[in-house]
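Structure record follows, encoded as structure tokens.
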Amino acid sequence: MTICRATRYSRLVLLLASVLAGACSTDIIIDGDYPSALTRQLPHHVGLVLDDTFTHYTFESSQEQDVTMALGESQIELFNQIFGDMFKSRTRLDTINQALTSKVDLVVVPHIEEVQLAMPFETRLNVFEVWLKYNLQVFDSEGEPIADWLMTSYGKTQSRLLTSEEDALNQATTEALRDAGVRLVIGFHRVPEIRDWLASQHTPGTLAQGDSQ
Numbered sequence: 035m036t037i038c039r040a041t042r043y044s045r046l047v048l049l050l051a052s053v054l055a056g057a058c059s060t061d062i063i064i065d066g067d068y069p070s071a072l073t074r075q076l077p078h079h080v081g082l083v084l085d086d087t088f089t090h091y092t093f094e095s096s097q098e099q100d101v102t103m104a105l106g107e108s109q110i111e112l113f114n115q116i117f118g119d120m121f122k123s124r125t126r127l128d129t130i131n132q133a134l135t136s137k138v139d140l141v142v143v144p145h146i147e148e149v150q151l152a153m154p155f156e157t158r159l160n161v162f163e164v165w166l167k168y169n170l171q172v173f174d175s176e177g178e179p180i181a182d183w184l185m186t187s188y189g190k191t192q193s194r195l196l197t198s199e200e201d202a203l204n205q206a207t208t209e210a211l212r213d214a215g216v217r218l219v220i221g222f223h224r225v226p227e228i229r230d231w232l233a234s235q236h237t238p239g240t241l242a243q244g245d246s247q
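According to my numbering, the residues represented by the sequence shown are 35 to 247, in order.
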């Protein structure tokens, strides 16, 4: 009888743990919209290499609460949009080897290096915060490296303004991606190595609208 009770108790504990784990799990596919960049175009053809790691990127966290966020599709949309706005023409590529056989002037290979997430129970505020860190590798048409640029962005939202935790995280991450887009437009041509390459190509000075020297 004691063994039977112990067995039933163990099963109850496992069932309760399973229910609690499910209740504390958040799965999101990030879905946002990214407006066109207000910038004068660079007169070059850019090859944008979006590999499988980038296009299928999923962030997972198990700190106190399990969170899974699929960022791949939103990253594709954002980077296609921004580099299409920044350059005269853009070609999306799957690998850097394709760039060597394509008629492009410049090759950009973005990597997502890190995602940080702060939930309300961590900050003791009713705020969701997201930080993104990207590494953009830039090459010339011959595959020679030009620059290796680390770029960070940030987004947040108030959970009380939204109907669910999923909506709050989606909005915070979308804001972080939009911030990344702004930083790309403003900062890309200011990276010293990229600026020098543009000067070597006799590229006219380009500034985002509202920017000043």
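All C-beta atoms, glycine included, are put in the ideal place defined by N, C-alpha and C.
Since we're looking at a predicted model, the values are computed, not measured.
Using the DSSP secondary-structure output, state which residues sit across from residue i in a beta bridge.
i, result
"Asn169", "His145 and Leu184"
"Lys190", "Glu163"
"Ala71", "The partner list for Ala71 (beta bridge, DSSP) is empty, contrary to what the question assumes."
"Ile228", "Bridge partners of Ile228: none, in fact."
"Asp61", "Thr102"
"Thr125", "Gly81"
"Ala152", "Glu163"
"Asp174", "Leu140"
How far does the alpha helix (DSSP H) with residue i in it reach, from first residue to last?
i, result
"Thr207", "Glu199 to Gly221"
"Ile130", "Ile130 to Leu134"
"Ile110", "Gly106 to Met120"
Do residue j and residue i count as a contact pair if the criterion is CB distance below 7 Å?
i, j, result
"Gly81", "Leu127", "yes"
"Leu170", "Trp183", "yes"
"Asp115", "Tyr68", "For clarity, residue 115 is Gln in the given sequence; the question names Asp instead. Taking 7 Å as the Cβ cut-off, Gln115 and Tyr68 qualify as a contacting pair."
"Lys122", "Pro154", "no"
"Ile64", "Ser108", "yes"
"Asp119", "Ser198", "no"
"Lys190", "Val219", "no"
"Gly66", "Thr208", "yes"
"Val142", "Val172", "yes"
"Ser96", "Asp139", "no"
"Glu156", "Ile62", "no"
"Val101", "Thr60", "yes"
"Ala181", "Val216", "no"
Are the C-beta atoms of residue i and some chain C residue less than 7 Å apart?
i, result
"Leu72", "Reference to chain C is not applicable here, since this structure consists of a single protein chain."
TODO: Examine the Cβ distances between the segment 155-170 and the segment 133-141 and report whether three or more of them are shorter than 8 Å.
DONE: Contact fails: fewer than three Cβ-Cβ distances are below 8 Å.
Task: Stretch-stretch touch, CB-based, cutoff 8 Å, three pairs: the segment 227-234 with the segment 83-98 - done: Verdict: no, contact absent.
Task: Secondary structure, alpha helix (DSSP H): runs of 4+ residues fully inside the segment 76-100 - done: Taking only runs of at least 4 residues, the alpha helix (DSSP H) segments lying wholly in the segment 76-100 are 86-89.
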